[in-house]
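Numbering-wise (full-length UniProt numbering), the sequence shown opens with residue 1 and increments by one. All C-beta atoms, glycine included, are put in the ideal place defined by N, C-alpha and C. Nothing here was measured: the structure is a model prediction, and the numbers come from that model.
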Amino acid sequence: MTADTARDLSEGTEPGHGNAAANPFDAAEWATPFGLPDFAAIRPEHYVPAFAHALKRHEAEIAAITGNAEAPTFANTVAAMERAGGALDRVANVFFNLTGSNTSPELQAIERAVAPQLARHSSAITLDPQLWDRLSAIDPDAEALGDEERRVLDRYRSRFHRAGAGLAPEAKARIAEIAIRLAELGTQFAQNVLADERDFVLPLDGADDLAGLPPFLRDAAAEAAQERGGAHSHVVTLSRSLIEPFLVFSTRRDLRALAYAAWTRRGETSGETDNRAVIAEIVRLRAERARLLGFESFAHLKLDDTMAGSPDAAMELLRNVWKPALQRAAEEREALQALVRAEGHDFALEAHDWRHYSEKQRRAEHDLDESEIKPYLPLEGMIQAAFDTASRLFGLGFEELRDVPRYHPDVRTWLVRDADGSEVGLFLGDYFARPSKRSGAWMSAFRSQERLNGDIKPIIVNVMNFARAPRGEPTLLSFDDARTLFHEFGHALHGLLSDVTYPLLSGTAVSRDFVELPSQLYEHWLQQPEVLRAHARHVTTGEPMPDALLERLLAAATFNQGFATVEYAASAIVDMTLHLSAAGEDGLDVVAFEADALRRIAMPAEIAARHRAPHFAHIFSGDGYAAGYYSYLWSEVLDADAFDAFREAGDIFHPQTAQRLRRTIYGAGNLRDPREAYTAFRGRLPSIEPLLKKRGLAA
Numbered sequence: 001m002t003a004d005t006a007r008d009l010s011e012g013t014e015p016g017h018g019n020a021a022a023n024p025f026d027a028a029e030w031a032t033p034f035g036l037p038d039f040a041a042i043r044p045e046h047y048v049p050a051f052a053h054a055l056k057r058h059e060a061e062i063a064a065i066t067g068n069a070e071a072p073t074f075a076n077t078v079a080a081m082e083r084a085g086g087a088l089d090r091v092a093n094v095f096f097n098l099t100g101s102n103t104s105p106e107l108q109a110i111e112r113a114v115a116p117q118l119a120r121h122s123s124a125i126t127l128d129p130q131l132w133d134r135l136s137a138i139d140p141d142a143e144a145l146g147d148e149e150r151r152v153l154d155r156y157r158s159r160f161h162r163a164g165a166g167l168a169p170e171a172k173a174r175i176a177e178i179a180i181r182l183a184e185l186g187t188q189f190a191q192n193v194l195a196d197e198r199d200f201v202l203p204l205d206g207a208d209d210l211a212g213l214p215p216f217l218r219d220a221a222a223e224a225a226q227e228r229g230g231a232h233s234h235v236v237t238l239s240r241s242l243i244e245p246f247l248v249f250s251t252r253r254d255l256r257a258l259a260y261a262a263w264t265r266r267g268e269t270s271g272e273t274d275n276r277a278v279i280a281e282i283v284r285l286r287a288e289r290a291r292l293l294g295f296e297s298f299a300h301l302k303l304d305d306t307m308a309g310s311p312d313a314a315m316e317l318l319r320n321v322w323k324p325a326l327q328r329a330a331e332e333r334e335a336l337q338a339l340v341r342a343e344g345h346d347f348a349l350e351a352h353d354w355r356h357y358s359e360k361q362r363r364a365e366h367d368l369d370e371s372e373i374k375p376y377l378p379l380e381g382m383i384q385a386a387f388d389t390a391s392r393l394f395g396l397g398f399e400e401l402r403d404v405p406r407y408h409p410d411v412r413t414w415l416v417r418d419a420d421g422s423e424v425g426l427f428l429g430d431y432f433a434r435p436s437k438r439s440g441a442w443m444s445a446f447r448s449q450e451r452l453n454g455d456i457k458p459i460i461v462n463v464m465n466f467a468r469a470p471r472g473e474p475t476l477l478s479f480d481d482a483r484t485l486f487h488e489f490g491h492a493l494h495g496l497l498s499d500v501t502y503p504l505l506s507g508t509a510v511s512r513d514f515v516e517l518p519s520q521l522y523e524h525w526l527q528q529p530e531v532l533r534a535h536a537r538h539v540t541t542g543e544p545m546p547d548a549l550l551e552r553l554l555a556a557a558t559f560n561q562g563f564a565t566v567e568y569a570a571s572a573i574v575d576m577t578l579h580l581s582a583a584g585e586d587g588l589d590v591v592a593f594e595a596d597a598l599r600r601i602a603m604p605a606e607i608a609a610r611h612r613a614p615h616f617a618h619i620f621s622g623d624g625y626a627a628g629y630y631s632y633l634w635s636e637v638l639d640a641d642a643f644d645a646f647r648e649a650g651d652i653f654h655p656q657t658a659q660r661l662r663r664t665i666y667g668a669g670n671l672r673d674p675r676e677a678y679t680a681f682r683g684r685l686p687s688i689e690p691l692l693k694k695r696g697l698a699a
């Protein structure tokens, strides 16, 4: 953060002054097609004055609510709060989408400055005693509020209560201090991880370094080298879509070890980007905040308002999956070690060997080769498969828009229409890895659906990190990549199909252990023969995937699931254990804590947790999934059972079942408690058996 940036924020520089003349955020609406942000006009220097102006405006809107002399009502308090803050949301939605997907040193400096400002602003609202008194005084029965209004009121009261609105002044002040510091630390954590990912390259110079790599991977490594300046002919970066296939195919065990060490030690480099001290402070402050709010631990605070309801319920699920997964992983390990011996080697299998020998085992068991599959999974074909599935389920149509604003040349935009031709919203796809983008895949919104301030249509974005093919050639996906595309598009549909009045309830604004249901459920359609036969077509010939290959691919669906379940569940268990503990009280050595937690659950040495703590962005770059990484598994219990509704109907596109799914899940936002929402779709709550069967872990 520069001194000027900090001063501008604290002094509240107005748009239209100084370097921010003709600030695009001054406009009441974007003068662009479909209300897209005016990306071409927005420059880094516009954000600081735009944030300052929007913060002042929101403060004035809140002051008008608290200063209202009339008795508190839903209309003059809750609905007024829902209408407030639009200018701030507009700036923040653009800014934070870009800091994740197309950042720069200038944006990172602004992010470090603005994060604590926004935390201070949010705390000032949720800890305002006058607002709390007004919310507490509203009588929903006396006003005969409807179901949606009652839900919004309930959510506001819960949010304020959990933020500390009912605490004594001294505790409120400390809660606010903690929020500001956590915002600073979360930003620092994320930027440290991005720096480690951006700065690492493994050069592959010469035939020996490329040994074992199939043509598609050599091409991707060459393209990555060009994007990094062309100093080497080929490079491996820490993008998952590049490093994972390298670990699969490279026959250079020494290079696999180097790449794997860099991948698993992001955030643990003993330099300026080391996250260990950052984590220790985050954990300590979260525990302190939970105690101030009257909770036993941060995990108890987070899960009090979830579908699981308690850490015990989440840990019970993890334990029920861990035991069969560990047993299956042990069987897989022995099979891989036997392969090592069969090749004439005498080394013990290590973590950087697992993917390499697992691919060989898959070929032996299922006659499958990743290089044989990928030509049938071109990116364009998988995008169309996701669109076609949405069309057949929900009647949606997708029209690509060419001449519209975009924040990067890679971004593509589609207008989404409903079955009756009406506009649903815009969908943006940003598919390729680049140094300015954080790793992983996610869905976000530049604008969320609502009707309180007019018929607001959503603008939803999916961000991926696929390894790009050389210019002019089609990008080919692995089956895991294709599954990721379907997963994130499921999230996108949750945002696009939202059908609520109030912004607070819109789209994905649901319980953390419910939000993965729409995304994980959508993955199921990719794995159906009917979908693959239609869309898995050879990139050159256009021929559909041969039935024999399709059958082998689907038969291998549960292959290596011991490994996959163990690496995921280990991360979830470490997350929950860390946030159940008071380990941060006297200084936390997070690496030692992590090692001890894994030792106590008998973690196999040959498998590493999917996300090690120093780069575990889900739980430390903000607290969205903190004490909540179990949510993917919790939602998988739901999605495995939910897809059975279509099987039971005898049609994976059964119209009545799809209509009910849209109404109760994809379109319902946070209109009702997640248990009620699931029951409204399925008629009952799920059991764990479909999940174990899906993963091949059932007895």
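- Short of 8 Å from the beta carbon of G86, and not among the five residues preceding or following it, lie these beta carbons of its own chain, in chain order: N453.
- With fewer than three CB-CB distances shorter than 8 Å, the region 642–657 does not count as touching the region 290–308.
- Under the Cβ criterion (8 Å, minimum of three pairs), the region 674–682 counts as touching the region 501–514.
- Per the coordinates, the alpha-carbon of D346 lies some 59 Å from the alpha-carbon of A40.
- In this structure, the CA atom of S687 is about 19 Å from the CA atom of T664.
- The residue among I282, D455, I65 with its C-alpha nearest the C-alpha of V424 is D455.
- Beta-bridge analysis with DSSP links S444 to V461.
- If you look at T413, you'll find it in the beta strand (DSSP E) that goes 412–417.
- Here the alpha carbons of Y522 and H535 stand approximately 16 Å from one another.
- Rounded to whole angstroms, the separation of the alpha carbons of M443 and S635 is 17 Å.
- The Cβ-Cβ distance between L185 and V278 falls below 7 Å.
- Taken in chain order, the whole alpha helix (DSSP H) runs of length 4 or more contained in the region 524–561 are 529–535, 547–555.
- Rounded to whole angstroms, the gap between the alpha carbons of A224 and R218 is 10 Å.
- Of the candidates M464, R228, A509, T501, M464 places its Cα closest to the Cα of F489.
- Burial check for D430: the Cβ neighbour count within 10 Å reaches 16 or more, so the residue is buried.
- The secondary-structure analysis by DSSP pairs F432 across a beta bridge with F466.
- In this structure, the beta-carbon distance from F427 to N93 does not fall below 7 Å.
- Around the CB of D139, fewer than 16 other CB atoms lie within 10 Å, so the residue is classed as exposed.
- One thing to note: T126 has its Cβ no nearer than 7 Å to the Cβ of F96.
- Checking the DSSP bridge columns, you'll see G622 has no partner listed.
- For E148, the enclosing alpha helix (DSSP H) has its first and last residue at 147–163.
- Here the alpha carbons of R363 and D369 stand approximately 6 Å from one another.
- Per DSSP, reduced to three states, the secondary structure at V235 is strand.
- A contact between stretches requires three or more CB pairs, one per stretch, nearer than 8 Å, and the region 559–567 meets this requirement with the region 597–608.
- One alpha carbon belongs to P203, the other to L247, and they sit about 14 Å apart.
- In the structure shown, the three-state DSSP call for E365 is helix.
- Less than 7 Å separates the beta-carbon of H494 from that of G507.
- In terms of Cα proximity to Y502, the closest of V152, L301, A314 is V152.
- Three or more beta-carbon pairs separated by less than 8 Å are not found between the region 335–346 and the region 534–553, which leaves the two stretches without contact.
- Counting only residues of its own chain and dropping the five nearest sequence neighbours on each side, M315 has a CB closer than 7 Å to the CB of M576.
- Taking C-beta separations shorter than 7 Å and ignoring five residues to either side along the sequence, the partners of L255 in its chain run L202, D209, following chain order.
- Bridge partners of P203 according to DSSP: V235.
- Proximity of the region 347–366 to the region 615–627 falls short of the contact definition, fewer than three beta-carbon pairs being nearer than 8 Å.
- P378 sits in a strand when the DSSP states are folded into three classes.
- The three-state secondary structure of E70, taken from DSSP, is coil.
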